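**Q**
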Amino acid sequence: MTLNRPMVFEAVMKSAAKQGATFGHTNAAKGKRVIIEHTSSNPNAPLHIGNLRNVMIGAHLAKLMKACGHEVQEAFYVNDLGAQIGLTALAYSRVYDKLEPFMKIDHWIGAMYAVMNTCQELQQVGVNPGDLEDACVAGKDAVDALMKKSLEAVAGNADKEKGVAEYFDIYQDLRGRFEKIMVVMLADIRTIPDIKVEAGKLNLAYEKQEPWAIKIFRQMVCDCLTGVQQTLSTYGVQHDRFDFESELGWEGSNDKVLEIMQNSDYYVPQTQCNDKGVPQGAYLDMAGFITDMGFKIGKGGYQKEYPPLYVLRPDGSTLYTYRDIVYSFKKASMSDLILNIICSEQDLAQQKVALAMAMMNPEMEGRQYHLSYDLVKLTTGKMSGRRGRYLLADDLYEDLKTVIREKMDKKYKEKGEDISQEMFDSVTHEVSTAAMKYALLSVSCMTQINFDIAKITDFEDASAPFILYNSTRLTSVLRKFEDRSSAGVLEKLCPLDDVDFTKLDDDREWALLLDFVLPFAGLIVDAAMPTLPKPPALPSYGMHRVCDFLNMMVRALSGYYGPAGVRIMPVQSQLDAGWNETAAMHARIHVCKLFKQVIDNGLRLLMIEPLERM
Numbered sequence: 012m013t014l015n016r017p018m019v020f021e022a023v024m025k026s027a028a029k030q031g032a033t034f035g036h037t038n039a040a041k042g043k044r045v046i047i048e049h050t051s052s053n054p055n056a057p058l059h060i061g062n063l064r065n066v067m068i069g070a071h072l073a074k075l076m077k078a079c080g081h082e083v084q085e086a087f088y089v090n091d092l093g094a095q096i097g098l099t100a101l102a103y104s105r106v107y108d109k110l111e112p113f114m115k116i117d118h119w120i121g122a123m124y125a126v127m128n129t130c131q132e133l134q135q136v137g138v139n140p141g142d143l144e145d146a147c148v149a150g151k152d153a154v155d156a157l158m159k160k161s162l163e164a165v166a167g168n169a170d171k172e173k174g175v176a177e178y179f180d181i182y183q184d185l186r187g188r189f190e191k192i193m194v195v196m197l198a199d200i201r202t203i204p205d206i207k208v209e210a211g212k213l214n215l216a217y218e219k220q221e222p223w224a225i226k227i228f229r230q231m232v233c234d235c236l237t238g239v240q241q242t243l244s245t246y247g248v249q250h251d252r253f254d255f256e257s258e259l260g261w262e263g264s265n266d267k268v269l270e271i272m273q274n275s276d277y278y279v280p281q282t283q284c285n286d287k288g289v290p291q292g293a294y295l296d297m298a299g300f301i302t303d304m305g306f307k308i309g310k311g312g313y314q315k316e317y318p319p320l321y322v323l324r325p326d327g328s329t330l331y332t333y334r335d336i337v338y339s340f341k342k343a344s345m346s347d348l349i350l351n352i353i354c355s356e357q358d359l360a361q362q363k364v365a366l367a368m369a370m371m372n373p374e375m376e377g378r379q380y381h382l383s384y385d386l387v388k389l390t391t392g393k394m395s396g397r398r399g400r401y402l403l404a405d406d407l408y409e410d411l412k413t414v415i416r417e418k419m420d421k422k423y424k425e426k427g428e429d430i431s432q433e434m435f436d437s438v439t440h441e442v443s444t445a446a447m448k449y450a451l452l453s454v455s456c457m458t459q460i461n462f463d464i465a466k467i468t469d470f471e472d473a474s475a476p477f478i479l480y481n482s483t484r485l486t487s488v489l490r491k492f493e494d495r496s497s498a499g500v501l502e503k504l505c506p507l508d509d510v511d512f513t514k515l516d517d518d519r520e521w522a523l524l525l526d527f528v529l530p531f532a533g534l535i536v537d538a539a540m541p542t543l544p545k546p547p548a549l550p551s552y553g554m555h556r557v558c559d560f561l562n563m564m565v566r567a568l569s570g571y572y573g574p575a576g577v578r579i580m581p582v583q584s585q586l587d588a589g590w591n592e593t594a595a596m597h598a599r600i601h602v603c604k605l606f607k608q609v610i611d612n613g614l615r616l617l618m619i620e621p622l623e624r625m
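Numbering (our numbering), first residue to last: 12 to 625.
#1: From E48, I46, L58 and L543, pick the residue whose C-alpha is nearest to that of Y408; which is it?
#2: Among D611, L523, G613 and F560, which residue has its Cα nearest to the Cα of Y572?
#3: Kindly indicate which three-state DSSP category I460 falls into: helix, strand or coil?
#4: Look at the alpha carbon of L452 and the alpha carbon of A445, and state the distance between them as a whole number of angstroms.
#5: Leaving out five residues on either side along the sequence, give the residues of the same chain with a beta carbon under 6 Å from the beta carbon of I336.
#6: Do you know how far the Cα of C130 is from the Cα of T99?
#7: From K426 to M419, what distance separates their C-alpha atoms?
#8: State the DSSP-derived secondary structure class of E48, mapped to helix, strand or coil.
#9: Can you give me the start and stop residues for the alpha helix (DSSP H) that F560 sits inside?
#10: Please state if the CB of Y317 and the CB of P546 are separated by a distance shorter than 9 Å.
#11: Between the Cα of V232 and the Cα atoms of V268, K41 and Y88, which residue gives the shortest distance?
#12: Considering only residues of the region 428 to 476, which uninterrupted beta strand (DSSP E) runs meet the minimum length of 3 residues and lie entirely inside it, listed in chain order?
#13: Take every Cβ of the region 533 to 550, pair it with every Cβ of the region 577 to 596, and state whether three or more of those distances are shorter than 8 Å.
#14: Along the beta strand (DSSP E) that carries Q608, what are the first and last residues, could you check?
#15: Using 9 Å as the threshold, is the C-beta distance between L162 and A176 below it?
#16: Which same chain residues, not among the five before or five after I353, have their C-beta less than 6 Å away from its C-beta?
#17: Across which residues does DSSP place F255 in a beta bridge pair?
#18: Would you mind reading off the limits of the alpha helix (DSSP H) that contains I227?
#19: Can R679 and Q281 be called in contact, C-beta distance under 9 Å?
#20: If you compare alpha carbons, which of T458, I415, V322 and V136 is closest to F477?
#21: Thinking C-beta only, is A594 closer than 9 Å to V510?
#22: Less than 8 Å between the CB atoms is what I'm expecting for C235 and P54, so what's the real figure, rounded?
#23: Which term fits K341, buried or exposed, when burial requires 16 or more other beta carbons within 10 angstroms of its beta carbon?
#24: With Y124 as the anchor, note down where its alpha helix (DSSP H) starts and where it stops.
#25: Can you list the alpha helix (DSSP H) stretches of 4 or more residues lying completely in the region 465 to 547, in chain order?
#26: Kindly identify the DSSP beta-bridge partner or partners of C147.
#27: With respect to the alpha helix (DSSP H) encompassing N265, which residues constitute its N-terminal and C-terminal limits?
#28: Candidates S264, D326, G309 and L259: which alpha carbon is nearest V289's?
#29: My guess is that L411 and M447 are in contact by the Cβ rule of under 8 Å, so how many angstroms apart are they, rounded?
#30: Over the uninterrupted beta strand (DSSP E) stretch that includes Q379, give me the two end residues.
#31: So what does DSSP say about H59, is it helix, strand or coil?
#32: Compare the C-alpha of S443 against each of L507, K25 and D469 and name the closest.
#33: Closest to A298 by CA distance: which of Y321, D286, G292 and Q283 is it?
#34: Between the alpha carbons of K607 and L614, how many angstroms are there, rounded?
#35: Any heavy atom of the ligand FAD inside 8 Å of the beta-carbon of P541?
Shown next as structure tokens:
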């Protein structure tokens, strides 16, 4: 079958002009409610590069699903319970009213956690943090003497010997970077006989809604989240809701779900003396449930000898795994589909939660899936939470911006272009954040990323700078036409209704229409709406598809209007010779607008704002 090219061009271009920024969007999933939980970093530290991959996957998936008609909420689960948070709250309570923050607030709180955790670990191997602080003040000989004494005290215990050496080193490393925090904190906590116990008491008081504990925790957590949100805003990401883990207990959700769970045939209550004579927490017999339901076991199914899911401690207090189940039911009450963005290390834990939901309510099967992703590896350096060393999202942004500013400053100087400082700052910010987004989204989620700043800032290779640079070349073509038509050199652009579409007779523009413009909406649907398989299989969302699409499109486009491509506008010598191809020029200006519209809409799905110039 032969298509009538002019008719196809006319129909597509008029439809695109009408839809504008929503061209490519559909109502394929209109009315379907989705909650995407992403980021959900512990509220006691800043975001690092691994967190940022989670952020980008979740935010991009939300954009894709909204473009298909889903009603999407982006949720942040605030893990404000647990040992780490209790330690940080204890540190915060001893420092915040005595020392003004001297760094970004989430960085400051992360430093406090690193210091307090180190002091706790020193106590666990028999070292008084106050004694070590005094030794550090006295000098190297005093530190060496204390280490020798500490090692002698644990001689024969290999684990404690290793701990003494490791945490002496970590303490001194932290002291070199956070001495102000260290001095203030040690002046207070040196008299605490057991930091771990003290933090546990603070945690318990918070869970029991003691007003004084709530004040400490919420101030610390909200301060940290303020810093995290500042980082997210750098990348243009916002959440619709923040759900606090603590409130699941306060509002009674924990008790309600536990009552249902305890009526399950697969619930095994906690005991102070199991068949081995030791205390054991309550758990769900997952293996028994899988067998009784006839679920597939082995390849493509659930693993053999499936481990139980512990939900309560022997004393009856809830574990975080249990609270994950409660939160999942809460999300299910507000949605038709739940998608949790999570590192692949948590695959089994997420699978257990979804299985527990189906155990308690068969209608929950297939209502919650997780989208897992692999790690981000650094080309140089290592991250360590204990040492308070991360590749922080904030620092990475500054590093990217430095490289981008150097490259773009060089380009402007080579071209002899004059650009205001305000414009330069705006453009380099957009290019820097775009480089990060593209780097974290341009490969499939289960592909490990080796993060290389030189590669992701390359203007000549597959990267956000490459795509933005080539898309702004198209913008410059359109701007040049506007300038020349405003000056009276060329006729002003005719309305779309007056375009002679028969003039679009070049195979390259037809190929661009067939390969990129027409498939655009289908690409979004394919990426955002894969088949939802029977658990434990997971849906395959195409997080890298838009990046691939844009990269290929700008490459094809550069061949269309480049030096060897179609001449869209005449040069002066042609005008002097009586050139009269206005109809073809107007048709191609309109088709260039169409191509730009597709690129712009694709960039916005990646949370990248299109640029008018670079």
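We put the beta carbon where it would ideally sit given N, CA and C, even for glycine.
As the structure is a prediction and not an experimental result, all values here were calculated from the model.
**A** Inspection of the coordinates gives the following:
#1: Locating residue 408 in the sequence shown gives position 397, counting from the first residue. Ranking the options by Cα distance to Y408, first place goes to L58.
#2: Reading the sequence shown from its first residue, position 561 is the one you call residue 572. In terms of Cα proximity to Y572, the closest of D611, L523, G613 and F560 is L523.
#3: On the sequence shown, residue 460 is found 449 positions in, with the first residue counted as 1. I460: strand per DSSP, three-state reduction.
#4: Translated into positions along the sequence shown, residue 452 becomes position 441. Translated into positions along the sequence shown, residue 445 becomes position 434. The alpha-carbon separation between L452 and A445 amounts to approximately 10 Å.
#5: The count along the sequence shown starts at 1 and reaches residue 336 at position 325. Excluding positions up to five away in sequence, the list reads V364 and A367.
#6: Along the sequence shown, one-based indexing puts residue 99 at 88. Along the sequence shown, one-based indexing puts residue 130 at 119. Distance between the alpha carbons of T99 and C130 is about 12 Å.
#7: Position 415 of the sequence shown, counted from the first residue, corresponds to residue 426. Position 408 of the sequence shown, counted from the first residue, corresponds to residue 419. Going by the C-alpha atoms only, they are around 11 Å apart.
#8: Residue mapping note: residue 48 aligns to position 37 of the sequence shown, counting from 1. In the three-state scheme derived from DSSP, where H, G and I count as helix and E and B as strand, E48 is classed as strand.
#9: In the sequence shown, the residue the question calls residue 560 occupies position 549. R556 to Y572 is the extent of the alpha helix (DSSP H) around F560.
#10: Residue numbering aside, residue 546 sits at position 535 when the sequence shown is read from its first letter. Residue numbering aside, residue 317 sits at position 306 when the sequence shown is read from its first letter. Contact: no.
#11: Translated into the one-based positions of the sequence shown, residue 232 becomes position 221. The candidate whose alpha carbon is nearest that of V232 is Y88.
#12: Qualifying beta strand (DSSP E) stretches, in chain order: 460 to 462.
#13: In short, these stretches do not touch, since the Cβ pair count stays below three.
#14: The residue labelled residue 608 in the question sits at position 597 within the sequence shown. For Q608, there is no enclosing beta strand (DSSP E); the residue is part of the alpha helix (DSSP H) that begins and ends at T593 to L616.
#15: Position 151 of the sequence shown, counted from the first residue, corresponds to residue 162. Position 165 of the sequence shown, counted from the first residue, corresponds to residue 176. Between L162 and A176, the gap from beta carbon to beta carbon is short of 9 Å.
#16: Locating residue 353 in the sequence shown gives position 342, where the first residue counts as 1. Excluding residues up to 5 positions away in sequence, Q361, H381 and S383 lie with their Cβ nearer than 6 Å to the Cβ of I353 in the same chain.
#17: Against the sequence shown, residue 255 aligns to sequence position 244. Assignment of beta-bridge partners to F255 by DSSP yields V89.
#18: Reading the sequence shown from its first residue, position 216 is the one you call residue 227. Start and end: P222 to T245.
#19: The structure shown does not extend to residue 679, since the chain is modelled only from 12 through 625, so no value can be given for it.
#20: In the sequence shown, counting from the first residue as 1, residue 477 sits at position 466. Here the closest residue by C-alpha is I415.
#21: Mapped onto the sequence shown, residue 510 falls at position 499. Mapped onto the sequence shown, residue 594 falls at position 583. Yes, they are a contact pair.
#22: Translated into the one-based positions of the sequence shown, residue 235 becomes position 224. Translated into the one-based positions of the sequence shown, residue 54 becomes position 43. At roughly 5 Å, the Cβ-Cβ gap stays under 8 Å, so C235 and P54 are in contact.
#23: For this step, residue 341 is matched to residue 330 along the sequence shown. With 16 or more Cβ atoms within 10 Å of its Cβ, K341 is classed as buried.
#24: Within the sequence shown, residue 124 is the residue found at index 113, counting from 1. Where Y124 is concerned, the enclosing alpha helix (DSSP H) stretches over I116 to Q135.
#25: Taking 4 residues as the shortest admissible run, the region 465 to 547 contains the following complete alpha helix (DSSP H) segments, listed from N- to C-terminal end: 475 to 497, 518 to 523 and 531 to 539.
#26: Position 136 of the sequence shown, counted from the first residue, corresponds to residue 147. Looking at the DSSP assignment, C147 forms no beta bridge with any residue, so it has no partner.
#27: By one-based count along the sequence shown, residue 265 stands at place 254. S264 to Q273 is the span of the alpha helix (DSSP H), which, as asked, contains N265.
#28: Translated into positions along the sequence shown, residue 289 becomes position 278. Measuring from the Cα of V289, the nearest candidate turns out to be D326.
#29: To locate residue 411, count along the sequence shown from 1; it is residue 400. To locate residue 447, count along the sequence shown from 1; it is residue 436. Yes, they are in contact, since the Cβ atoms of L411 and M447 sit about 6 Å apart, within 8 Å.
#30: For the purposes of this step, residue 379 is taken as the residue at position 368 of the sequence shown. Start and end: Q379 to Y384.
#31: As a first step, residue 59 must be located in the sequence shown, where it is residue number 48. Shown here, H59 sits in a strand according to DSSP, grouped into three states.
#32: Numbered from 1 along the sequence shown, position 432 holds the residue referred to as residue 443. That would be D469, whose Cα lies nearest to the Cα of S443.
#33: Looking up residue 298 in the sequence shown gives position 287. Y321 is the residue among Y321, D286, G292 and Q283 whose C-alpha sits nearest the C-alpha of A298.
#34: Looking up residue 607 in the sequence shown gives position 596. Looking up residue 614 in the sequence shown gives position 603. Straight-line spacing of the CA atoms in K607 and L614 works out to 10 Å.
#35: For the structure depicted, the ligand FAD is absent and the ligand set is empty, with no information on it obtainable.
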